[in-house]
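In the numbering used here, the protein residues as written are 1 to 501.
We put the beta carbon where it would ideally sit given N, CA and C, even for glycine.
A short write-up of the structure that comes next.
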C-alpha cells in the first residue's frame with residue numbers, strides 16, 4: 001500500500017523501504033514538521049490477517065518502553081500514530097542512525113577479528129547495564145546481528161525493541177514466545193526470561209560474527225554450541241564466550257556488569273560504567289599477564305580440576321605497622337571531637353557538662369578504644385581464612401582465636417571475584433587496593449545477593465595473584481562442570497553480613 005513519496009500522518013514523507021514482511025514495513029522518512037526535515041525511521045504495523053492483538057500489544061509496548069529510555073546507543077523515540085485508510089496501520093517513529101547492521105556487514109563480506117568483537121561486546125554490555133538497571137529490568141530478548149547497528153560514528157546501537165519485556169512473568173500466566181531461534185536461550189521459550197538471557201544472545205551473536213556461520217548451522221553438543229575449532233581467538237575470550245552461552249541459566253554471568261568485568265581488555269586497568277546514574281568502579285587488570293605467587297607470602301593454595309582450597313593464615317603482629325598507621329589516622333580524626341567537647345565543657349552548664357564529663361572520662365575513653373580495636377584492622381590481623389570450592393558448593397571459614405564463622409553457597413552462583421579499591425588519601429583523588437571481593441547472585445527470590453570481603457591485610461601482589469588464581473579456576477573448569485539437574489535452595493546458606501565478622 002505505501003510507496004516512496006507518500007506522506008503519512010500528514011507529517012512524514014516516505015523515502016526508502018528498509019524492511020517488508022507480512023503486515024509490517026520499515027521506512028526511512030523525512031519529518032516535514034521539523035525545522036531541518038530530519039530523517040527518521042518509521043515502523044508500520046497493520047491490524048488483520050496474520051497480525052493479531054498480541055502483535056499490536058507488543059508494538060505498543062515497544063513505543064512505551066522507548067519513551068522511557070535515554071541512552072546514547074539506543075535510538076530515541078519520536079512519535080506514535082495510527083492511520084485508517086481502508087486498513088488500520090500503527091506507526092512508531094524513531095531517531096535515524098546512519099550505519100549498517102552487523103548482519104548487513106556479514107553479508108557484504110566483512111570479517112570480524114577479536115579486537116572488533118570485543119569492542120562490539122563492550123558497547124552492547126554498556127547498553128544492557130543501563131537497561132537491566134531498571135526495576136524491574138528491561139530485557140531486550142532479541143539480540144542478534146540484524147538488531148545491532150554499527151553507526152558511522154563507530155558506535156554499536158541496540159535497535160528493534162519489538163520483543164522487549166519490562167515486567168516479571170507470573171507463574172501460571174500465558175505468554176507470547178518472542179526471540180529468534182538460535183539466539184534465544186531455552187528459558188526464554190519457557191517464559192522465564194532474565195538478564196542472563198540477553199547475555200546468552202549476545203554471546204551467540206559474537207560467535208556468529210567470528211565464525212560467519214549462523215548458530216543454527218553450527219554443531220551442537222549437550223545443547224551447547226561448539227565453536228572453538230572454527231575461531232582463532234585468545235583462550236581468555238573463548239572462556240568468556242563459553243560462560244556466556246552455558247545452557248543452564250544459573251551458570252552464566254548473571255549480570256552485564258559481571259560479563260563486562262571479565263571480558264578480555266588490555267586497554268585499561270580500571271573501567272567505569274554508568275547504570276541509571278550509578279557509577280561502578282571495575283577492576284579489569286590484564287588477565288593475560290600471569291602473576292606468580294609473591295616471594296614473601298604465607299598463602300597456600302591446593303587445587304585440581306575439581307577442587308580448589310585457599311588458606312590465608314592470620315597476619316598476627318607481622319603487619320602491625322598497618323594497624324599502627326590506621327590507629328594514628330583514626331586518632332587524628334577524633335581530635336576535633338575532643339577539642340569541641342572541651343570547649344563545650346568550659347562554656348556550658350548543667351546536664352551537658354555532666355554528660356560530656358562522663359563521655360570524656362578516662363574509663364569511658366578506654367572502653368571506646370577497646371571496642372574500636374575489636375572492630376578494626378587490629379582484629380583483622382588475627383583472622384585466618386579458608387576458602388574451599390568444588391563444582392557444586394563453596395565455603396568461606398573465618399577463624400579468630402578459636403571462634404569460627406562459616407559462609408556457604410553454590411559455586412555456579414559466583415559471578416565475580418575482584419579487587420576492592422578504596423581512596424588513597426583524604427582528597428580521594430586516587431585509589432589503592434584494599435581487599436578481595438567475592439560476589440554471588442541470589443539463587444531464589446528468598447535469598448539476596450551476597451558480597452564477601454576478604455584479605456584486608458594482604459599485600460597488593462598477594463591480592464592480585466589470589467584473584468587471578470580464583471578467576472582462572474572458575475573459568476577454566478567451566479566446561480568440565482557437571483550441572484545439577486536441580487539446585488536445592490536450602491543448600492545455599494546466605495547471610496547479609498560480610499565475613500569481616
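Grouping DSSP H, G and I as helix and E and B as strand, with all else coil, what is residue 409?
The answer is strand: DSSP assigns residue 409 an E or B state.
Quick one: Cα of residue 201 to Cα of residue 182, how far?
If I take the Cα positions, the gap works out to 8 Å.
Report all residues from its chain with a CB closer than 6 Å to the CB of residue 456; omit the five preceding and five following residues, and keep chain order.
Excluding positions up to five away in sequence, the list reads 380 and 435.
Whole-angstrom Cβ separation of residue 467 and residue 414, contact assumed at under 8 Å?
12 Å between Cβ atoms; not a contact.
Using only the alpha-carbon positions, how far apart do residue 130 and residue 293 sit?
Going by the C-alpha atoms only, they are around 38 Å apart.
Return the chain-ordered ranges of every alpha helix (DSSP H) run that is complete within the region 129–203 and spans a minimum of 4 residues.
Within the region 129–203, the complete alpha helix (DSSP H) runs of at least 4 residues are 186–189.
In angstroms with no decimal places, state the Cα-to-Cα distance between residue 9 and residue 100.
Taking the straight line joining both Cα atoms gives about 27 Å.
Put residue 251 into one of helix, strand or coil per three-state DSSP.
Of the three classes helix, strand and coil, the one that applies to residue 251 here is helix, per DSSP.
Which residues does DSSP list as the beta-bridge partners of residue 84?
Residue 84 is bridged to 88.
Apart from the five residues on each side of it in sequence, which residues of its chain come closer than 8 Å, Cβ to Cβ, to residue 187?
Closer than 8 Å at Cβ, skipping near neighbours: 193, 194, 197 and 249.
From which residue to which residue does the alpha helix (DSSP H) around residue 262 run?
Run containing residue 262: 256–262, per the alpha helix (DSSP H) assignment.
Does the Cβ-Cβ distance between residue 71 and residue 127 come in under 8 Å?
A contact, by the Cβ cut-off of 8 Å.
At a cut of 8 Å, does the region 102–118 reach the region 30–40 through at least three beta carbon pairs?
No: fewer than three Cβ pairs fall under 8 Å.
Leaving out five residues on either side along the sequence, give the residues of the same chain with a beta carbon under 7 Å from the beta carbon of residue 81.
Excluding residues within five positions, the ones whose Cβ falls inside 7 Å are 9 and 91.
With DSSP as the reference, please indicate the residues paired to residue 454 in a beta bridge.
BP columns for residue 454 point to 436.
Please classify residue 254 as buried or exposed, where buried requires at least 16 neighbouring CB atoms within 10 angstroms.
The residue in question, residue 254, is buried, as its Cβ has 16 or more Cβ neighbours within 10 Å.
Run through the region 37–84 for me and flag every whole alpha helix (DSSP H) of 4 or more residues, listed as ranges in chain order.
Correct list: 53–68.
Using three-state DSSP, classify residue 9 as helix, strand or coil.
Residue 9: coil per DSSP, three-state reduction.
Is residue 305 buried or exposed, if buried means 16 or more other CB atoms sit within 10 Å of its CB?
Classification of residue 305: exposed, given that the 10 Å Cβ count is below 16.
So what does DSSP say about residue 465, is it helix, strand or coil?
It is helical.
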